[in-house]
Amino acid sequence: MFRIGPWVALPVHPRMLAWSGIALILLLIAAVLTLSMGKLGIAPQALPAALFDPPRGAAGFTLTTLRGPRLLVAIGVGAALGISGALFQAVTRNPLGSPDVIGLGAGAGAGVAICALLWPGVLPTPVGALIGATLAITLVYFSTGRGFAAPARIIIAGIGVSAMAHAVTQYVVSVKLRDEASQLAGYLAGSINSVGWSAVGIITITLALTLPAAWVLAPSLNQIGLGDALAHSLGIRITATRTAAIVVAVVAAAGAVTVAGPISFVALTAPQIAQRLTRSPALSLGLSALLGALILVIADLLAQQAPFARGLPVGILTAGVGGIYLGALLIREWRKGTL
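In structure tokens form, the structure reads like this:
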């Protein structure tokens, strides 16, 4: 048991620690490859000198201005999505629970599209994304009829909100000029191609706010996962805990969507992989965050380097692989009789 002060006690499993260490090592390897590979190749052994004593040359500029921010954003966005997905799945008790499914990403995309149509050049893209994500989760909240107290209804309402948001986005893309629609489509695909240090700041603040809050909520969510009756007998405020967890998950996902667009399926897959690796139903926040970061960094590395994907937004790769995973997950849940 790992304790943080008198109120937070988290179960620590040997498998969780082992896999977290492995994920961290793989993430470091992927990070080195990301910084080293590209049109301007930089030897791994030359990275420290270029990073900490940057010369006034191409290598220092490339690392500190282009690859460095992109790598940090990929790590931060992946971690935020992993945390968000873990919280959503803990609240809904459903492996399909994620910000993708409940329409948060689609809502952010619709917000950007509407702002581009009604107020072109007035509101920055991140502001439109945040407004759209907030409106989407608000619609989900009121559509359930019971707020966030009915986990199954959250997913059903989210699917409906997501469909409406996609319809709005497609309408805007169809009426915009070709160049404007192309720029909008690039964001909607989920991309970190043009991020800078401001995006690093946004995602860092997002993680600083959400990660501690998620750790505080984790013990109560683990007890709720054992059943509402047992959690109630232990004095857990079930509705308040679920609502707080949803709020934290929404903030984490909204921060990620704000800087990178709606990147699909990272939030869905990372917590599920973490649960299968640890073989424990307990909430694996740290491992989910590491796996989310690892998935996105590897996907972005492929998007930059693979001949078949060079220059593609990273969200297209995650959507392609994640769609296959979602299909397999649906088949598995159908065979178990939970769908």
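Each step along the sequence shown adds one to the number in numbering that gives the first Met the number 0, with nothing skipped, and position 119 is 118.
Note that the Cβ used here is the ideal one computed from N, Cα and C, for glycine as well.
For secondary structure counted as the alpha helix (DSSP H) over 4 or more consecutive residues, the region 160-214 holds these complete runs in sequence order: 177-187. Out of T268, N221, T205, V72, the CA that lies nearest to the CA of G96 is found in T268. Between G157 and A132, the C-beta spacing is not below 8 angstroms. One Cα belongs to A244, the other to S142, and the distance between them is close to 18 angstroms. Within the same chain, and ignoring the five residues on either side of L284 in sequence, the residues whose Cβ sits closer than 7 angstroms to its Cβ are I82, A85, A213, W214, A217.
According to the DSSP assignment, M36 belongs to no alpha helix (DSSP H), since it is labelled neither H nor E. Counting other Cβ atoms within 10 Å of its Cβ, W118 stays below 16 and is therefore classed as exposed.
V174 counts as exposed, since fewer than 16 other C-beta atoms from the protein chains shown sit within 10 angstroms of its C-beta.
Using a C-beta cut-off of 8 angstroms, the region 89-106 makes contact with the region 250-259, since at least three inter-stretch Cβ pairs fall below that distance. Relative to L116, the option among F87, Y324, N93, V172 whose CA is nearest is V172.
The alpha-carbon separation between G75 and Q88 amounts to approximately 20 angstroms. Leaving aside the five residues that flank L23 on each side, the residues in its chain whose CB is nearer than 8 angstroms to its CB run, in chain order, L289. Considered as a whole, the region 237-282 harbours 237-259, 265-277 as its complete alpha helix (DSSP H) runs of no fewer than 4 residues, in chain order. Ranked by how close their Cα comes to the Cα of G40, the residues F51, L27, F60 have F60 in first place. Residue range 227-232 is occupied by the alpha helix (DSSP H) that includes D227. Here DSSP, grouped into helix, strand and coil, assigns A45 to helix. About 6 angstroms separates the beta carbon of G189 from that of P312, a gap short enough to meet the 8 angstroms contact definition. DSSP places A85 in the uninterrupted alpha helix (DSSP H) bounded by 67-91. Residue state for T137 is assigned as helix, using DSSP reduced to three classes.
Listed in chain order, the non-local C-beta contacts of P125 below 6 angstroms within the same chain comprise T257, local neighbours out to five positions each way being set aside.
Put simply, the region 28-43 touches the region 295-306. At least three CB pairs are less than 8 angstroms apart. Rounded to whole angstroms, the separation of the alpha carbons of Y186 and V167 is 15 angstroms. Nearest Cα to I201 within the set A73, I223, L16: A73. Within the model, the alpha-carbon separation for H165 versus A29 is close to 33 angstroms. Distance between V194 and L71, taken at the CA atoms: about 10 angstroms. Residue environment for R66: buried (at least 16 other C-beta atoms within 10 angstroms of its C-beta).
Here S97 carries a coil assignment [DSSP, helix/strand/coil]. With a cutoff of 8 angstroms on beta-carbon distance, L206 and A78 are scored as near each other.
Ranked by how close their Cα comes to the Cα of S19, the residues R334, L293, L138 have L293 in first place. Counting along the chain, the unbroken alpha helix (DSSP H) around V296 starts and ends at 284-304. For V111, the enclosing alpha helix (DSSP H) begins and ends at 103-117. DSSP places G59 in the uninterrupted alpha helix (DSSP H) bounded by 57-60. Under the 10 Å beta carbon count, F264 is surrounded by 16 or more other beta carbons and is classified as buried.
C-alpha of L295 to C-alpha of T238: approximately 32 angstroms in a straight line. With contacts defined as CB atoms closer than 8 angstroms, A105 and A135 qualify as a contacting pair. Closest option to G291, judged by alpha-carbon separation, among L25, R14, H12, T91: L25.
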